[in-house]
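Visitor: If you scroll down you'll find the structure; I have some questions about it.
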Amino acid sequence: MSETVLQGMVMAMVVTCLLYIREKKARYAGWFVGFLSLALLIKPVFYPLALVVAGAGLLVAGWGRRFALAVIGLVPVLVVGVYMGWNEHRTGYFHFSSITDINLLHYNAAGVVRQTAGAVAEDAWVANVLQEANATGSFKARQRVIQARATQVIAAHPVVYARQHLQGMTAFFLDPGRFDISEFLGLTPPAGGGLLAQVRAGGALRAVGSLPLALLGWLGVVFAANVGRLWLAWRGFQRLGRAAALWRYGRWVAVGFLLYVAGLTGPLGASRFLVPVWPLLLALALAGLPEQATPEPAAGGANG
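Going by our numbering, the final residue of the sequence shown carries number 287, and the count climbs one at a time with no gaps.
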């Protein structure tokens, strides 16, 4: 899975970021943007981060008059621009990845239609949009139609979409992985799409009630473990606030990556999308484990 390769890039970015915070040496910033450039080429979820890093580089350079950081921070933006230009050469459309529009249509906007009008209306709406888009005759025009129709739906129901986005972010952290457990146990999952899709269509109780008992039991165990891990991560975040300066900053680096990926994933939230940043959540959870009390030495010393 590309998620595991991306996990390595994320951890490399975290390490080099912490090294820069501690040492304030430009070479660590250079390593960071190098790993970011690789990460965004592995998974498009990281390409918007290039703009954030460019802005941060300009800001830090202005504060400390270290203008090399401004140049270093622009490297990922340059990589994104070159890649988008290459895509324009191949397709006639200046874009980074078509997966963005696919998700916009089939998950973001389609999820809103499902919640407001039902699954049948969702299928019909997606089919109509694709029929209109495919009739345009060019890839660029096709994508423009998809963007316009999907954006219209989301703009018409902002509250519904916001709720859907938050549901996805919650599932990102707590999803017990129904598909994975079904495959592991050799169970056939019920029809109707993923658990989150069923929740949107008919409510949580109806979705959960349709699951086989064996699968439901395993999902309950994993879900409880995920809730416990998230609670420990919160405790760890608080505890690191009283640690050395590097770890006080480091906890924000970890939370920043977690919330960035969760926010960009949005309505697609599921356990597999957590894989690239899972070690960061685990590290925070480990920091939140109860501290063991140091046993008092016996009276009279070792010899009594």
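Glycine residues also receive a C-beta, built at the ideal position from the N, C-alpha and C atoms.
Where does A253 sit, in a helix, a strand or coil, going by DSSP?
Guide: Translated into the one-based positions of the sequence shown, residue 253 becomes position 270. Coil, per DSSP.
Visitor: Where do the N-terminal and C-terminal ends of the alpha helix (DSSP H) with A89 fall, by residue?
Guide: If you number the sequence shown from 1, residue 89 lands on position 106. The identity of residue 89 in the sequence shown is His, whereas the question assumes Ala. That residue, H89, is in no alpha helix (DSSP H); it is neither H nor E in DSSP.
Visitor: Quick one: residues in its chain with C-beta nearer than 6 Å to the C-beta of A93, no 5 flanking neighbours on either side, listed in chain order?
Guide: Your numbering for residue 93 matches position 110 in the sequence shown. Cβ within range, chain order: E105 and V109.
Visitor: What would DSSP say about S165, mapped onto helix, strand or coil?
Guide: Within the sequence shown, the letter at position 182 stands for residue 165. Helix, per DSSP.
Visitor: With distances taken from CA atoms, which of F29, R255, V142 and K7 is nearest F240?
Guide: Start at 1 with the first residue of the sequence shown, and residue 240 comes out as number 257. Comparing Cα positions, the closest option is F29.
Visitor: Skipping 5 residues on each side, what residues in its chain have a beta carbon closer than 8 Å to that of R5?
Guide: Here the question's residue 5 lines up with position 22 in the sequence shown. Result list for R5: L229, in chain order.
Visitor: Please return the same chain residues whose Cβ sits closer than 7 Å to the Cβ of V143, not counting the five positions on each side in sequence.
Guide: Along the sequence shown, read from residue 1 onward, the residue named residue 143 stands at position 160. Cβ neighbours of V143 beyond the five flanking positions: V95, Q98 and T99.
Visitor: Which ranges would you report for the alpha helix (DSSP H) in the region 33 to 106 if only whole runs of at least 4 residues count?
Guide: If we require 4 residues or more, the alpha helix (DSSP H) runs fully inside the region 33 to 106 come out as 50 to 56, 58 to 74, 82 to 86 and 93 to 100.
Visitor: For I25 and M(-8), what's the separation of their Cα atoms in angstroms?
Guide: Residue mapping note: residue 25 aligns to position 42 of the sequence shown, counting from 1. Residue mapping note: residue -8 aligns to position 9 of the sequence shown, counting from 1. About 9 Å.
Visitor: Going by the CB atoms, is the gap between C0 and V258 shorter than 8 Å?
Guide: Position 275 of the sequence shown, counted from the start, is the residue given in the question as residue 258. Position 17 of the sequence shown, counted from the start, is the residue given in the question as residue 0. No, the Cβ-Cβ distance between V258 and C0 is not below 8 Å.
Visitor: On the three-state DSSP scale, how would you describe S121?
Guide: What you label residue 121 is simply residue 138 of the sequence shown in a count that begins at 1. Correct three-state label for S121: coil.
Visitor: Helix, strand or coil: how does DSSP classify A226 here?
Guide: As a first step, residue 226 is located in the sequence shown; it is residue number 243 there, counting from the start. Of the three classes helix, strand and coil, the one that applies to A226 here is coil, per DSSP.
Visitor: Do the CB positions of F79 and Y90 come within less than 8 Å of each other?
Guide: Residue numbering aside, residue 79 sits at position 96 when the sequence shown is read from its first letter. Residue numbering aside, residue 90 sits at position 107 when the sequence shown is read from its first letter. No, Cβ-Cβ distance for F79 and Y90 is not below 8 Å.
Visitor: Tell me whether K8 sits in a helix, a strand or coil according to DSSP, three-state version.
Guide: The residue you call residue 8 lines up with position 25 of the sequence shown. It is coil, neither helix nor strand.
Visitor: Would you grab the beta carbon distance between W217 and G271 for me? Rounded to a whole angstrom, and I think it's under 8 Å.
Guide: Position 234 of the sequence shown, counted from the first residue, corresponds to residue 217. Position 288 of the sequence shown, counted from the first residue, corresponds to residue 271. Indeed they touch by this definition, with Cβ atoms about 7 Å apart.
Visitor: Only counting the same chain, and skipping five residues up and downstream in sequence, which positions put a Cβ closer than 6 Å to that of P159?
Guide: To locate residue 159, count along the sequence shown from 1; it is residue 176. Answer for P159: L202, V205 and F206, listed in chain order.
Visitor: Go ahead and label P250 buried or exposed: buried means 16 or more other beta carbons lie within 10 angstroms of its beta carbon, across all protein chains shown.
Guide: By 1-based counting over the sequence shown, the position of residue 250 is 267. Classification for P250: buried.
Visitor: Note down the Cα distance separating A227 from R234, rounded to an integer number of angstroms.
Guide: By 1-based counting over the sequence shown, the position of residue 227 is 244. By 1-based counting over the sequence shown, the position of residue 234 is 251. The straight-line gap from Cα to Cα measures roughly 11 Å.
Visitor: Measure the CB-CB distance between R212 and A268 and report whether it falls below 8 Å.
Guide: Numbered from 1 along the sequence shown, position 229 holds the residue referred to as residue 212. Numbered from 1 along the sequence shown, position 285 holds the residue referred to as residue 268. Contact flag set, yes.
Visitor: Starting from the C-beta of E(-14), find all residues in its chain whose C-beta is less than 8 Å away, skip the five residues before and the five after it, and write them out in chain order.
Guide: As a first step, residue -14 is located in the sequence shown; it is residue number 3 there, counting from the start. Around E(-14): K26, R255, F256, V258 and P259.
Visitor: Classify A285 as buried or exposed, calling it buried when 16 or more other Cβ atoms lie within 10 Å of its own Cβ.
Guide: Translated into the one-based positions of the sequence shown, residue 285 becomes position 302. Any reading at A285 must be qualified, since the residue scores a pLDDT of 44, below 50, and its modelled position is unreliable; the value itself is stated next. Looking at its Cβ environment, which holds fewer than 16 other Cβ atoms inside 10 Å, A285 is exposed.
Visitor: With distances taken between CB atoms, is the gap from L57 to A37 smaller than 8 Å?
Guide: Within the sequence shown, the letter at position 74 stands for residue 57. Within the sequence shown, the letter at position 54 stands for residue 37. Contact: yes.
Visitor: In chain order, what residues of the same chain lie with their CB nearer than 8 Å to the CB of T277, ignoring the 5 residues before and after it?
Guide: In the sequence shown, residue 277 corresponds to position 294, counting from 1. Summary for T277: the model assigns pLDDT 49, below 50, so the residue's position carries little reliability, and this model does not support an answer.
Visitor: Nearest CA to the CA of P59: which residue from A33, F155 and A9?
Guide: Numbered from its first residue, the sequence shown carries residue 59 at position 76. It is A33 whose Cα lies nearest to the Cα of P59.
Visitor: Is the beta carbon of M(-6) sitting closer than 8 Å to the one on P262?
Guide: Counted from its first residue, the sequence shown places residue -6 at position 11. Counted from its first residue, the sequence shown places residue 262 at position 279. The answer is yes: Cβ separation under 8 Å.
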